[in-house]
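Residue numbers (my numbering): 1159 to 1297. The next block holds one structure in the form of structure tokens; read it before the comments.
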Amino acid sequence: MAVPAITALPALFELLHVLWFQVPTNVLGGELRCCCRDPLTGFYRDGYCRTGPGDLGLHTVCAQMTNEFLEFSYSRGNDLVTPQPGFPGLKEGDRWCLCVTRWHEALEAGVAPPVDLQATHASALEFVTLEELQAHALT
């Protein structure tokens, strides 16, 4: 009977890894992929649209910037274009972890930027639907 227990160990270790380290998942149910490292994005500035207790803005949507969205964000008081210390400023084509509520606001205004579904954190689905994200998925 020891053999079946030994063959089950890899699956058990994988489960424990997920539970202990809480490997983040994307909106498609897979492992969260890197959004961008140049410019370095994410609440934790590690390239991933991960979130945690300190992330009040919920920076969970990996989006590719468009001029329309950057102008919209600026009009809402969030200047993502002007360089600041530790922030290079964004331009059209850059990828960035957006606050899910800002992305939803842009969706309602008709200027939602395209989204990388594999790099968008699953918790975004608490605020937007998968269908809304898929309709704006990068191709």
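Don't be surprised by glycine CBs; every beta carbon is placed ideally from N, CA and C.
- Listed as beta-bridge partners of H1262 by DSSP are no residues whatsoever.
- Residue burial annotation: P1271 is buried, with at least 16 other C-beta atoms found within 10 angstroms of its C-beta.
- For A1295 and Q1276, the gap between their C-alpha atoms comes out near 10 Å.
- For Q1292, there is no enclosing beta strand (DSSP E); the enclosing alpha helix (DSSP H) covers residues 1288–1292.
- In the displayed model, E1226 falls within a helix according to three-state DSSP.
- Distance check between G1251 and each of L1216, A1221, A1282, R1195 places A1221 closest, using alpha-carbon atoms only.
- Taking C-beta separations shorter than 6 Å and ignoring five residues to either side along the sequence, the partners of L1216 in its chain run T1209, C1257, V1258, following chain order.
- Taken through DSSP and simplified to helix, strand or coil, L1275 comes out as helix.
- Closest in alpha carbon position to V1219, among E1266, C1192, T1297, F1245, is C1192.
- Contact holds between the segment 1239–1250 and the segment 1222–1229, because three or more Cβ pairs, one in each stretch, are under 8 Å apart.
- For N1236, same chain residues with a beta-carbon under 8 Å away, outside a window of 5 residues either side, are R1260 in chain order.
- Note on A1264: 16 or more other CB atoms within 10 angstroms of its CB, so buried under the neighbour-count rule.
- Membership of R1208 in any beta strand (DSSP E) is not indicated, and neither H nor E is assigned to it by DSSP.
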